[in-house]
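Written below as structure tokens is the structure these notes are about.
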Amino acid sequence: MDANNPVAAANDPYTVRLNKIFSKHKSEGGLTLNYKVYKVKDVNAFACADGSVRVFSSLMDIMSDDELLGIIGHEIGHVANKDTRDAIRSAYKRAAISDAASSQSGVVNSLSESELGTFANALLDSKYNRKQESEADDYSYEFMKSHKYKVTALASAFQKFADMEKASGAERTKTEKMMSSHPDSGSRAAKILDKAKKDGLSK
Ligand SMILES: [Zn+2]
466 MDANNPVAAA NDPYTVRLNK IFSKHKSEGG LTLNYKVYKV KDVNAFACAD GSVRVFSSLM
526 DIMSDDELLG IIGHEIGHVA NKDTRDAIRS AYKRAAISDA ASSQSGVVNS LSESELGTFA
586 NALLDSKYNR KQESEADDYS YEFMKSHKYK VTALASAFQK FADMEKASGA ERTKTEKMMS
646 SHPDSGSRAA KILDKAKKDG LSK
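Take a look at the structure:
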């Protein structure tokens, strides 16, 4: 995917900002993390089982630093909870890459470039179920709390998604990929705020 997307250079303002936010998070959830920005219009972010975190510049445009921490904490949660492994297996299947679906890691190295493109798209279209989403939210909440970040930023990030869902059709397509795996952002924001209140971390 790095080969198929415009990766922001090391001195790019987006990279500089992302490094500044995440420099203290080189390892989380048993992963050694590395971060890159894709300069693309889609609003998205994802993390992979090898610890690669990829954040899209359009997401960075609309989120505060704390909100980005919340969203990336959520994506790391999917990896830590092994949701990503399951999604990759299913993405292989949807990309119709023969029996690679059940194969071991390393298979990706032998795919052709066009197969990789298809696979990358299938991976980005991955949908997690409600329980997985809820558990990734919980993971991010604990991540934020343990590092003493504002846990309410996770709620405000979801509220921004909720507002975008309500917005125009054009905005909707821009966020569709991320939204498709994150249904009902408004109620998720409310749930996080409830939890924060109970923990005395929000009024
Ligand atoms: Zn998710």
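Numbered as in the numbering used here, the sequence shown ends at 668 without a single skipped number.
Glycine included, every Cβ here is placed at the ideal spot set by N, Cα and C.
### Message
On the CB-based measure, 16 or more other CB atoms within 10 Å of its CB, does Arg653 come out buried or exposed?
### Response
Taking the sequence shown and counting its residues from 1, one reaches residue 653 at position 188. Buried: at least 16 other Cβ atoms inside 10 Å.
### Query
Would you call the CB atoms of Leu619 and Ser599 closer than 8 Å?
Numbered from 1 along the sequence shown, position 154 holds the residue referred to as residue 619. Numbered from 1 along the sequence shown, position 134 holds the residue referred to as residue 599. For Leu619 and Ser599, no; Cβs fall outside 8 Å.
### Query
Can you tell me the Cα-Cα spacing of Asn546 and Ser488, whole angstroms?
Start at 1 with the first residue of the sequence shown, and residue 546 comes out as number 81. Start at 1 with the first residue of the sequence shown, and residue 488 comes out as number 23. Rounded to the nearest angstrom, the two C-alpha atoms are 23 Å apart.
### Query
Who does Lys501 pair with in a DSSP beta bridge?
Looking up residue 501 in the sequence shown gives position 36. DSSP output for Lys501 lists Arg519 as bridge partner(s).
### Message
Alpha carbons only, please: which of Phe623, Arg519, Lys504 and Asp467 is nearest the one belonging to Leu658?
### Response
One-based indexing of the sequence shown puts residue 658 at position 193. When each option's Cα is compared against that of Leu658, the closest is Phe623.
### Task
Please name the residue, chosen from Phe608, Ser611, Ala632 and Asp603, that lies closest to Lys660 on a Cα-to-Cα basis.
Position 195 of the sequence shown holds residue 660. For Lys660, the nearest C-alpha among the options comes from Asp603.
### Task
Under 7 Å Cβ to Cβ from Ala585, same chain only, skipping five residues before and after it: list those, please.
As a first step, residue 585 must be located in the sequence shown, where it is residue number 120. Taken in chain order, the residues that qualify are Met466 and Asn469.
### Query
Whose C-beta lies closer than 6 Å to the C-beta of Glu493 among residues of the same chain, with five residues either side of it excluded?
The sequence position of residue 493 within the sequence shown is 28, counting from 1. For Glu493, where only same-chain residues beyond five positions count, the Cβ hits under 6 Å are Ile541.
### Query
Whole-angstrom Cβ separation of Val518 and Ile537, contact assumed at under 8 Å?
By 1-based counting over the sequence shown, the position of residue 518 is 53. By 1-based counting over the sequence shown, the position of residue 537 is 72. Contact between Val518 and Ile537 holds: their C-beta atoms lie close to 6 Å from each other, under 8 Å.
#### Entry: For Leu496, three-class secondary structure by DSSP
Here residue 496 refers to the residue found at position 31 of the sequence shown. Note: Leu496 maps to strand in three-state DSSP.
#### Entry: Assigned secondary structure, Ala635 (DSSP; H/G/I helix, E/B strand, else coil)
As a first step, residue 635 must be located in the sequence shown, where it is residue number 170. Because Ala635 carries a pLDDT of 48, less than 50, the predicted location of this residue cannot be relied on, and no value is offered for it.
### Message
Between Gly601 and ligand 1, is there a pair consisting of the residue's CB and a ligand heavy atom that are separated by less than 7 Å?
### Response
Reading the sequence shown from its first residue, position 136 is the one you call residue 601. A small fix is needed here, since residue 601 is Ala in this sequence, not Gly. For ligand 1, at least one heavy atom lies less than 7 Å from the Cβ of Ala601.
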